[in-house]
Amino acid sequence: MRYFGGRALALGAAAVIGSAVPAVCGAQQANGDADLLKAAQAAFQPLPKDMATPEFPIPPARVELGRNLFFEARVSADGTVSCSRCHLSQLYATDGLPKARGAHDKLNPRNAPTVLNAALQFKEHWRGDRENVEDQAKRSLLGPAGFGSPDYATAMARLKAIPGYTALFQKAFPGEADPVTPDNWGKAIGAYERTLTTPSRFDDFLKGRTDALTAAERKGLRRFIDTGCTACHNGPGVGGGMFQKFGLVEDYWKETGSKEIDKGRIDVTHDDADLYVFKVPILRNVAMTPPYFHDGSVGTLPEAVRVMAKVQLGKTLSEAESAEIVTFLESLTGPLPADFANAPILPAAGFDEGRGATPGK
Ligand code: HEC
Ligand code: HEC
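Here's what the structure looks like:
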């Protein structure tokens with residue numbers, strides 16, 4: 072387990088506050104900027120160009136296949152569900168709903184997070200019950216509130232029934248006798264996801280160009296660090312590197328107004344220490360992805376920031392202070408990758424026989 076109690080956290084925050092220099096003018100301003108840059112570089116890293124690893128490489132043919140599959144709905148139980156149904160490019164790879172709806176309109180238990188930069192994370196899903204993006208993509212096929220396929224064989228049969236895919240799989244996985252497999256579905260979509268990074272002006276700042284952020288954004292960054300947010304939201308994703316209890320100081324639902332209480336990771340591990348524990352989400356593009364939290368219970372970013380300070384750090388932020396943090400968080404929005412903003416043209420085909428010519432039949 073990679074978490075820590077409130078004590079270690081308070082110490083960490085105090086250490087950061089100790090290094091704060093009030094920036095006033097001239098030389099002092101430059102000192103303040105240099106200090107801020109140092110503090111930021113201690114907590115964050117710029118986004119990598121892509122998120123390939125030796126185990127999960129991104130050869131172009133695999134990425135191209137994965138891009139097609141990401142937008143492919145015909146493989147789902149009712150012919151309406153693709154990854155892009157819940158991770159829309161128009162909404163920065165989310166769906167704008169508190170909780171996503173899958174095949175046959177079945178309600179998901181949780182909110183759909185963004186897919187952008189998601190491959191950076193140490194685990195996937197709010198409760199960390201998926202190892203990586205490949206595992207996540209493969210198992211989406213079966214989820215009743217996702218693609219809703221009864222088994223992998225049915226999903227693969229639907230895919231094979233669309234002429235064109237077998238050749239694309241052969242190109243993406245050369246030398247394999249039967250490349251249309253659930254593992255390769257996961258690897259291809261994963262390869263595509265590993266290309267979806269969204270560097271922003273914040274990355275230019277982290278690389279040393281302090282004027283890449285406006286004075287107001289730098290002030291917000293300073294507030295974010297001094298308030299203690301970086302204890303959990305750090306690394307290249309500004310989060311995505313650890314599990315934490317949601318509600319360290321007080322029960323989260325008292326501030327979020329959540330109607331149903333999700334117990335978090337304990338339902339995955341059955342370890343009492345995981346009660347109300349969730350993955351710390353990445354905050355890249357967070358201004359573009361409301362509603363917030365695992366249950367979509369909070370509609371706006373200023374409110375989400377207020378709740379976080381209250382339940383994680385026991386701090387009551389003034390409206391001005393939380394607005395400063397929001398201004399900083401807005402600088403984490405990067406342009407959409409072109410390959411994500413534009414949907415591909417998919418291999419053409421009719422509906423498979425079992426489904427008939429009427430979608431949803
Ligand atoms: C019906 C809506 C829906 C569909 C379809 C869907 N997702 Fe998701 N996605 C979600 C929800 C909801 C979650 C959060 C689940 C959880 O944490 O319990 C999620 C989580 C994820 C995550 C983890 C992000 C993170 O920060 O932890 C990734 C990556 C992802 N989806 C990619 C995909 C891919 C790839 C596909 C297609 C194979 C897909 N999704 C299909 C709704 C959907
Ligand atoms: C002790 C760890 C911790 C600290 C400190 C912390 N957070 Fe969080 N943050 C989390 C966790 C865990 C979640 C996920 C909560 C859930 O289950 O929805 C989260 C969620 C969020 C979200 C919602 C993201 C989304 O996509 O829904 C925002 C915004 C956020 N935090 C901002 C902040 C800010 C701003 C601060 C400082 C005031 C902060 N956090 C401090 C752990 C922390």
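Residue numbers (this note's numbering): 72 to 432. Even glycine gets a Cβ: it sits at the ideal position worked out from N, Cα and C. Keep in mind the model is a prediction, meaning the values are calculated, not measured.
Cβ neighbours of residue i in the same chain (closer than 7 angstroms, five flanking residues each side left out)
i      : result
Trp324 : Ile332
Arg377 : Leu388, Ser393
Arg210 : Arg201
Leu417 : Asn139, Phe142, Glu143
Met122 : Ala190, Leu191, Arg265, Thr268
Gly235 : Pro418
Leu354 : His304, Val309, Gly310, Leu400, Leu403
Classification of residue i by the beta-carbon crowding that lies within 10 angstroms, buried from 16 upward
i      : result
Leu230 : buried
Asp343 : exposed
Thr124 : exposed
Leu384 : buried
Lys120 : exposed
Ala148 : buried
Pro307 : buried
Gly246 : exposed
His341 : exposed
Ala98  : exposed
Leu118 : buried
Thr298 : buried
Pro15  : Within the shown structure, residues of the chain are numbered from 72 to 432, placing residue 15 beyond reach of any answer.
Lys330 : exposed
Bridge partner(s) assigned by DSSP for residue i
i      : result
Glu195 : Arg201
Arg172 : Leu178
Thr281 : Its beta-bridge partners do not exist; DSSP assigns none.
Gly335 : Val348
Phe314 : Lys350
Leu159 : Thr165
Tyr363 : Val369
Separation of residue j from residue i, as counted between CA atoms
i      : j      : result
Phe127 : Lys177 : 32 angstroms
Phe273 : Gln241 : 40 angstroms
Ile88  : His304 : Note that Ile88 scores a pLDDT of 40, beneath 50, so its modelled location is shaky; the value from the coordinates is reported in the next line. Rounded to the nearest angstrom, the two C-alpha atoms are 16 angstroms apart.
Ser393 : Lys278 : 26 angstroms
Cys154 : Glu143 : 7 angstroms
Phe364 : Thr165 : 13 angstroms
Phe314 : Phe349 : 5 angstroms
Glu374 : Ala380 : 10 angstroms
Ile233 : Met227 : 10 angstroms
Ala238 : His175 : 30 angstroms
Ala391 : Ser402 : 17 angstroms
Ala358 : Lys386 : 22 angstroms
Val92  : Asn102 : Legend: pLDDT at Val92 = 45, less than 50; position of this residue unreliable, no value from coordinates given.
Ala224 : Gly261 : 20 angstroms
Ala328 : Lys334 : As written in the sequence, residue 328 is Gly, which differs from the Ala given in the question. Taking the straight line from one Cα to the other gives about 15 angstroms.
Pro361 : Val186 : 14 angstroms
Arg145 : Val251 : 15 angstroms
Asp338 : Trp197 : 12 angstroms
Thr151 : Val309 : 33 angstroms
Leu319 : Leu346 : 11 angstroms
Leu212 : Ser220 : 6 angstroms
Asp275 : Gly167 : 29 angstroms
Asn12  : Trp256 : Residue 12 falls outside the range modelled here, since the chain spans only 72 to 432, and no answer is possible.
Glu288 : Asn356 : 15 angstroms
Contact set for residue i: own chain, Cβ-Cβ below 6 angstroms, skip 5 residues either direction
i      : result
Thr281 : Asp104, Leu108
Ala243 : Ala132, Arg133, Leu136, Ala259
Gly291 : Glu395, Ile396, Thr398, Phe399
Ala114 : Thr301, Asn305
Ala171 : Cys157, Asn179, Ala183
Gln207 : Glu195, Arg201
Phe193 : Gly312
Ala94  : At Ala94 the pLDDT is 47, less than 50, meaning the model places this residue with poor confidence; the figure from the coordinates comes in the next sentence. Only Gln100, Gly103 meet the Cβ criterion.
Residue i beta carbon near ligand 2 (any heavy atom closer than 7 angstroms)
i      : result
His158 : no
Gln315 : yes
His304 : yes
Pro352 : yes
His196 : no
Gln161 : no
Met379 : yes
His365 : yes
Ala189 : no
Cβ-heavy atom distance, residue i to ligand 1, below 7 angstroms
i      : result
Pro184 : yes
Val134 : no
His175 : no
Val324 : Sequence check: residue 324 is Trp here, not Val. Answer for Trp324: no, Cβ out of range of ligand 1.
Cys300 : no
Ser211 : yes
Gly167 : no
Any non-hydrogen atom of ligand 4 closer than 7 angstroms to residue i Cβ
i      : result
Gly335 : Questions concerning ligand 4 fall outside what the structure shown contains, since the ligands it does hold are ligand 1 and ligand 2.
Own chain, CB closer than 8 angstroms to residue i, minus 5 neighbours either side, in chain order
i      : result
Pro169 : Asn182, Pro362, Asp366, Gly367, Ser368
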